[in-house]
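Peer 1:
2 protein chains.
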Amino acid sequence: MVIGADAGGMTAASQARRRRPDDLDIIAFDKGGYSSYSACGIPYFIGGAVKEMDDLIARTPAGFAEQNIEVRLRHEVTAVDLEARTVEVRDLSDGTSSTESFDHLMVATGAEPLRPPLPGIDLPGVFGVQTLDHGMDVLEFLEKKEPRRACVVGGGYIGVELAEAMLSRGLEVTLLETAPQPMATLDPDMGEWISRSMRETGITVYTDEPAESFEGDAQGLRAVVTSEQTIEADIVILGLGGKPNVAMAAEAGLPIGESGAVEVDRQMQTSFPGVWAAGDCAEKFHLVSRQPVAIPLGTHANKEGRTAGINIGGGYATFPGVIGTSVTKVCDLEVARTGLNEQETQAAGLEYLTVTVDSTTRAGYFPGAEPIKTKMIVEKKSGRLLGGQIIGREGAAKRIDVIATAIWNEMGVDKMLNMDLSYAPPFAPLWDPVLITARKAWQRVEESSAIPG
Amino acid sequence: MVIGADAGGMTAASQARRRRPDDLDIIAFDKGGYSSYSACGIPYFIGGAVKEMDDLIARTPAGFAEQNIEVRLRHEVTAVDLEARTVEVRDLSDGTSSTESFDHLMVATGAEPLRPPLPGIDLPGVFGVQTLDHGMDVLEFLEKKEPRRACVVGGGYIGVELAEAMLSRGLEVTLLETAPQPMATLDPDMGEWISRSMRETGITVYTDEPAESFEGDAQGLRAVVTSEQTIEADIVILGLGGKPNVAMAAEAGLPIGESGAVEVDRQMQTSFPGVWAAGDCAEKFHLVSRQPVAIPLGTHANKEGRTAGINIGGGYATFPGVIGTSVTKVCDLEVARTGLNEQETQAAGLEYLTVTVDSTTRAGYFPGAEPIKTKMIVEKKSGRLLGGQIIGREGAAKRIDVIATAIWNEMGVDKMLNMDLSYAPPFAPLWDPVLITARKAWQRVEESSAIPG
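Protein chains in written order, with our numbering: chain A, 1 to 453; chain B, 1001 to 1453.
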């Protein structure tokens, strides 16, 4: 039995079905109206780059039925009894409830948008966007109410993506960010370019300026109030990030880790045999900080769901953990990170140094060469690569995967600088930006460890 | 003293100067007319994508002079006496010769185009293109003789790039390839797409069809003859690859390895102390096949030159070797490879299996999602990744660097499939093509090792 019919849950269901074609009933409940959709695609659907909602849906309940997997949408699991191995399910269409029993339970309840208890946050027109249902709510509001001014509160991934989506729909857009720069998952020195690019695109960006309250009434929203000013707004999008949706799991008695997500082992099993978790609600192990973390991301959900599904199906698989890789497009910029940023490195108690290199995506003389800024965070004594950040124009961001693969392999920058990466003028300078940065980082490590003569 | 004033030699000179600012005279000789240029950029200069020849020149002799490095162009080193530690240098402008002595000798004589002894290969209008002087010869011929029909003999990197360059200058272009597909450095099943794309762009491509002779007279070229036909041509470009230019080094007594290049140790030193080699003329160690190889590529030349220069300058550095990574653009395709291809895997005596996956560069529903075909070659029993090949449209090829980094770290595909690579709809499907391919490859390894029940 699966709770939550999106990436984590349904990947597990499919894997389990593949390995146990006959002897397992599989049923998935979701309180929302959609199965297996691309949550990461929602901002692009709202902005209009993706035309059809159907494009975001990888697989419908009818598709799952062909694989003999039953999906019941608008069915909310309200309680789990781990001892009795049953769940209480409410059919949201008619309010009736039933009790269903399970051998295996897959907890895949996802994440929910952070909604701090600010005055007015529950006013109509204030939206958090985590699920496709949320996205459809925003779209309906945009089409029916035709708001003219949008205020995005919080410049996380969803915040910056939705700010751009609102702009491309013709709204006036203001972004409020508590940190010195939006995309605070990158270091402030990198984020400065993001603010600049957003402003050049036409978004008003205020940094170091949290929202304090929302003004309006039942008729609608009027403004967002900060310590500095009152910003008129007809719609507010909360872009403050998400937190694991674990209320029901916690109530059932499943241990919740320090990250706020459900504790699992490397097979994605909770401490209750036969009870599994995957996706945004499940805790992940960070391979660099060696700490438990909660990182809501579809690509983790898929891999974790696959892992759990193989194990439920009688195979053996483990999910080793994550290193915090992410990427997005902000206006004309590509922005990516992996490993630890400076703040996370400090929190992990590691001594480090940083190197930032400006280069180009292609040979400098080649048409279409675009700027790329690459930063590495390196352990001071050993030269071990701890983190990387990239900002640039077209062709920049996917280079983060080379840095991620290097971190995955616990490489030192001294081992990286001679790596045989691809070179041709349309694709890179003679030294790829990643190699230049590794080379300079190693130079810094050598300098910092030199014994004074 | 440096022989050859391009990537390998001049990078060494710069590094040595940086570490020994005062106590080392550095002089570089080159028989050609240019220093430190991008050989890989020549096809794009001929084709017109790069407008100015100066753009290809990273640094002129005047630039080196500022760093107290003397560069003498059009000076050919005709002989080396390793015992006396002297070289004979001929000034090509006036034919005078002189003898110069050295403490350190940097051999960086590069590569020369393969010119098989076919009848007529020395006719005017038949060009090999390895150096910028060669490129300028071709350009002069194109401008003065205004040829209408070009025949490119050999579909290696330079061949396909120059075929496209000729086409973009308005010539009728035929490509003759001995192998079943051009870019035979990739496996034939991958290369088929390249032939198709070249034909769609307007290049006539004949495969499995070597050139046998060239017809013409002192007035010019008339045709290229194969076993099948006679192809009219006013200009021929040899795209058969290059070989290390080691005649002088061999004559001086420097050991030449089985790859045909000068033998060096990991510090880039030959068996003669103080005599170093770097770049296309120097042998490389292939980290997957564990065999010596000769691979002419500017990015290796730079890294090897840096290594030699640090050692000459009194530091310590090693160059670990290469894994055969390369990339190019062919018409509307991006083409890349790394590690071993099937033929090389067989030659290395390894049992292997292959997996090829068709995917997209972005989420399938996202605007601008382009096709990408990814192939992996995997050791059969262990699942160790041996090689990778990628063909696709915009955004495809640079993913080869992830595969290269994985091979560099001797990863098995089982360790790759959960790697934390970046995901967002504008950059990748939920599972990056590299991860899908690794996942399927591991599935194949598991299936092939299953014990029959």
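Even for Gly, the Cβ is constructed at its ideal location relative to N, Cα and C.
Taking Cβ-Cβ distances shorter than 9 Å, what residues in chain A pair up with Val1402 (chain B)?
Peer 2: In the second sequence, counting from the first residue as 1, residue 1402 (chain B) sits at position 402. What Val1402 (chain B) touches in chain A: Lys398, Asp401, Val402, Ala404 and Thr405.
Peer 1: On a CA-only basis, which of A:Thr96, A:Glu76, A:Ala233 and A:Leu186 is nearest Thr204 (chain A)? Give me that one, please.
Peer 2: Numbered from 1 along the first sequence, position 204 holds the residue referred to as residue 204 (chain A). Residue A:Ala233 is the option with its Cα nearest to Thr204 (chain A).
Peer 1: Please name the residue, chosen from B:Thr1361, B:Arg1020, B:Lys1381 and B:Ser1326, that lies closest to Ser1449 (chain B) on a Cα-to-Cα basis.
Peer 2: Position 449 of the second sequence, counted from the first residue, corresponds to residue 1449 (chain B). That would be B:Lys1381, whose Cα lies nearest to the Cα of Ser1449 (chain B).
Peer 1: Hey, quick one: how far does the alpha helix (DSSP H) through Arg1169 (chain B) stretch, first residue to last?
Peer 2: In the second sequence, the residue the question calls residue 1169 (chain B) occupies position 169. Unbroken run through Arg1169 (chain B): none, as it is neither H nor E.
Peer 1: What residue from B:Ser1359, B:Glu1083, B:Asp1332 and B:Ala1211 has the CA that sits closest to Pro1119 (chain B)'s CA?
Peer 2: Here residue 1119 (chain B) refers to the residue found at position 119 when the second sequence is read from its first residue. Selected option, being the one with the closest Cα: B:Ala1211.
Peer 1: Nearest to Val1322 (chain B) by CA position, among B:Lys1284, B:Gly1298 and B:Gln1346, is which residue?
Peer 2: Your numbering for residue 1322 (chain B) matches position 322 in the second sequence. Comparing Cα positions, the closest option is B:Lys1284.
Peer 1: Could you give the C-beta distance for Glu1304 (chain B) and Gly1279 (chain B), rounded to a whole number, given that I count them as a contact under 8 Å?
Peer 2: If you number the second sequence from 1, residue 1304 (chain B) lands on position 304. If you number the second sequence from 1, residue 1279 (chain B) lands on position 279. Rounded, the Cβ-Cβ distance is 6 Å, consistent with contact.
Peer 1: Can you give the Cα-Cα distance for Ser291 (chain A) and Ala397 (chain A), rounded to whole angstroms?
Peer 2: For the purposes of this step, residue 291 (chain A) is taken as residue 291 along the first sequence, with counting starting at 1. For the purposes of this step, residue 397 (chain A) is taken as residue 397 along the first sequence, with counting starting at 1. It is worth fixing the name first, because residue 291 (chain A) is Gln in this sequence and not Ser. Roughly 26 Å separates the two Cα atoms.
Peer 1: Met10 (chain A) and Leu45 (chain A) - do their beta-carbons sit closer together than 8 Å?
Peer 2: One-based indexing of the first sequence puts residue 45 (chain A) at position 45. One-based indexing of the first sequence puts residue 10 (chain A) at position 10. According to the sequence as given, residue 45 (chain A) is Phe; it is not Leu. No; because the gap between Cβ atoms is not below 8 Å, this pair is not in contact.
Peer 1: Taking the beta carbon of Pro1273 (chain B) as the centre, do at least 16 other beta carbons fall within 10 Å, making it buried, or is it exposed?
Peer 2: Residue mapping note: residue 1273 (chain B) aligns to position 273 of the second sequence, counting from 1. Flag for Pro1273 (chain B) reads exposed.
Peer 1: Candidates A:Val126, A:Asn418, A:His286 and A:Gln229: which alpha carbon is nearest Val236 (chain A)'s?
Peer 2: Walking along the first sequence from the start, residue 236 (chain A) turns up at place 236. Cα-wise, what sits closest to Val236 (chain A) is A:Val126.
Peer 1: Just the C-alpha distance for Asp91 (chain A) and Glu76 (chain A), rounded to the nearest angstrom, thanks.
Peer 2: Against the first sequence, residue 91 (chain A) aligns to sequence position 91. Against the first sequence, residue 76 (chain A) aligns to sequence position 76. The alpha-carbon atoms of Asp91 (chain A) and Glu76 (chain A) are separated by roughly 7 Å.
Peer 1: According to DSSP, simplified to helix, strand and coil, what is Gly1041 (chain B)?
Peer 2: Indexing the second sequence from 1 puts residue 1041 (chain B) at position 41. Reduced to three states, the DSSP call for Gly1041 (chain B) is helix.
Peer 1: If you follow the alpha helix (DSSP H) that Ala65 (chain A) is part of, which residue opens it and which one closes it?
Peer 2: If you number the first sequence from 1, residue 65 (chain A) lands on position 65. Pro61 to Glu66 is the extent of the alpha helix (DSSP H) around Ala65 (chain A).
Peer 1: Taking Cβ-Cβ distances shorter than 8 Å, what residues in chain A pair up with Ala1308 (chain B)?
Peer 2: Counted from its first residue, the second sequence places residue 1308 (chain B) at position 308. By Cβ distance, chain A contributes nothing, its closest Cβ being about 13 Å from Ala1308 (chain B), past 8 Å.
Peer 1: Could you give the DSSP three-state label for Tyr1206 (chain B): helix, strand or coil?
Peer 2: Within the second sequence, numbered from 1, the residue matching residue 1206 (chain B) stands at position 206. Strand at Tyr1206 (chain B).
Peer 1: Three or more beta-carbon pairs under 8 Å between the region 1300 to 1318 of chain B and the region 1165 to 1183 of chain B, yes or no?
Peer 2: No, the region 1300 to 1318 of chain B does not touch the region 1165 to 1183 of chain B.
Peer 1: Please classify Lys1373 (chain B): does DSSP put it in a helix, a strand, or coil?
Peer 2: Position 373 of the second sequence, counting from 1, holds the residue named residue 1373 (chain B). Strand, per DSSP.
Peer 1: Just tell me which of B:Ala1084, B:Thr1078 and B:Gly1191 has its CA closest to the CA of Gly1095 (chain B).
Peer 2: Against the second sequence, residue 1095 (chain B) aligns to sequence position 95. Cα-wise, what sits closest to Gly1095 (chain B) is B:Thr1078.
Peer 1: I want to verify the contact list: residues of chain A whose CB lies under 7 Å from the CB of Tyr1365 (chain B), in sequence order.
Peer 2: Walking along the second sequence from the start, residue 1365 (chain B) turns up at place 365. Residues of chain A passing the Cβ test: Gly41, Val50, Asp55 and Leu56.
Peer 1: Do you know offhand how far Pro1061 (chain B)'s Cα is from Ile1069 (chain B)'s?
Peer 2: Position 61 of the second sequence, counting from 1, holds the residue named residue 1061 (chain B). Position 69 of the second sequence, counting from 1, holds the residue named residue 1069 (chain B). If I take the Cα positions, the gap works out to 8 Å.
Peer 1: Counting C-beta neighbours from all protein chains within 10 Å, is the total for Glu1161 (chain B) 16 or more, i.e. buried, or is it exposed?
Peer 2: One-based indexing of the second sequence puts residue 1161 (chain B) at position 161. The residue in question, Glu1161 (chain B), is buried, as its Cβ has 16 or more Cβ neighbours within 10 Å.
Peer 1: How about Val1113 (chain B) and Gly1242 (chain B): are their beta carbons less than 8 Å apart?
Peer 2: Translated into positions along the second sequence, residue 1113 (chain B) becomes position 113. Translated into positions along the second sequence, residue 1242 (chain B) becomes position 242. Correcting the residue type first, residue 1113 (chain B) is Pro in the shown sequence and not Val. Yes, Cβ-Cβ distance for Pro1113 (chain B) and Gly1242 (chain B) is below 8 Å.
Peer 1: Under 8 Å between beta-carbons, which chain B residues line up against Trp442 (chain A)? List them in chain order, please.
Peer 2: Taking the first residue of the first sequence as 1, we reach residue 442 (chain A) at position 442. Residues of chain B passing the Cβ test: none, with the nearest at roughly 10 Å.
Peer 1: Output the boundary residues of the beta strand (DSSP E) element that contains Gly91 (chain A).
Peer 2: Your numbering for residue 91 (chain A) matches position 91 in the first sequence. Residue identity check: residue 91 (chain A) is Asp in the sequence provided, not Gly. Counting along the chain, the beta strand (DSSP E) containing Asp91 (chain A) begins and ends at Thr86 to Asp91.
Peer 1: Is the beta carbon of Gly1033 (chain B) less than 8 Å from the beta carbon of Tyr365 (chain A)?
Peer 2: For the purposes of this step, residue 1033 (chain B) is taken as the residue at position 33 of the second sequence. For the purposes of this step, residue 365 (chain A) is taken as the residue at position 365 of the first sequence. Contact: no.
Peer 1: Please classify Phe1214 (chain B): does DSSP put it in a helix, a strand, or coil?
Peer 2: For this step, residue 1214 (chain B) is matched to residue 214 along the second sequence. Looking at Phe1214 (chain B) - three-state DSSP - the assignment turns out to be strand.
Peer 1: Assign His1134 (chain B) to one of three DSSP states: helix, strand, or coil.
Peer 2: Position 134 of the second sequence, counting from 1, holds the residue named residue 1134 (chain B). His1134 (chain B) falls in the helix class under three-state DSSP.
Peer 1: Note down, in chain order, all residues in the region 1319 to 1345 of chain B with a beta-carbon under 9 Å from any beta-carbon belonging to chain A.
Peer 2: Here the close residues are Phe1319, Pro1320, Gly1321, Val1322, Ile1323, Gly1324, Thr1325, Ser1326, Val1327, Thr1328, Lys1329, Glu1334, Ala1336, Arg1337 and Thr1338.
Peer 1: Under 7 Å Cβ to Cβ from Gly1047 (chain B), same chain only, skipping five residues before and after it: list those, please.
Peer 2: Along the second sequence, read from residue 1 onward, the residue named residue 1047 (chain B) stands at position 47. Answer for Gly1047 (chain B): Glu1164, Ala1165, Ser1168 and Arg1169, listed in chain order.
Peer 1: Which same chain residues end up closer than 6 Å to Met1198 (chain B) when comparing Cβ atoms and leaving out the 5 residues on each side of it in sequence?
Peer 2: Stepping through the second sequence from its first residue, residue 1198 (chain B) is reached at position 198. Answer for Met1198 (chain B): Val1205 and Cys1331, listed in chain order.
Peer 1: Check Pro21 (chain A) in the structure and name its three-state DSSP category.
Peer 2: Counted from its first residue, the first sequence places residue 21 (chain A) at position 21. If DSSP states are grouped into helix, strand and coil, Pro21 (chain A) belongs with coil.
Peer 1: For the region 254 to 265 of chain A, list every residue whose C-beta sits within 9 Å of some C-beta in chain B, in sequence order.
Peer 2: Residues: none.
Peer 1: Extract the residue ranges of the beta strand (DSSP E) inside the region 320 to 393 of chain A, only unbroken runs of 3 or more that lie entirely within it.
Peer 2: Runs found: 326 to 330, 333 to 339, 352 to 360, 371 to 379 and 385 to 392.
Peer 1: I'd like to know if the region 1019 to 1029 of chain B and the region 374 to 392 of chain A are in contact, where contact means that at least 3 CB-CB pairs between them fall below 8 Å.
Peer 2: No, the region 1019 to 1029 of chain B is not in contact with the region 374 to 392 of chain A.
Peer 1: Assuming Ser422 (chain A) contacts Ala1336 (chain B) under a Cβ cut-off of 8 Å, what Cβ separation, rounded to an integer in Å, is found between them?
Peer 2: Within the first sequence, numbered from 1, the residue matching residue 422 (chain A) stands at position 422. Within the second sequence, numbered from 1, the residue matching residue 1336 (chain B) stands at position 336. Indeed they touch by this definition, with Cβ atoms about 5 Å apart.
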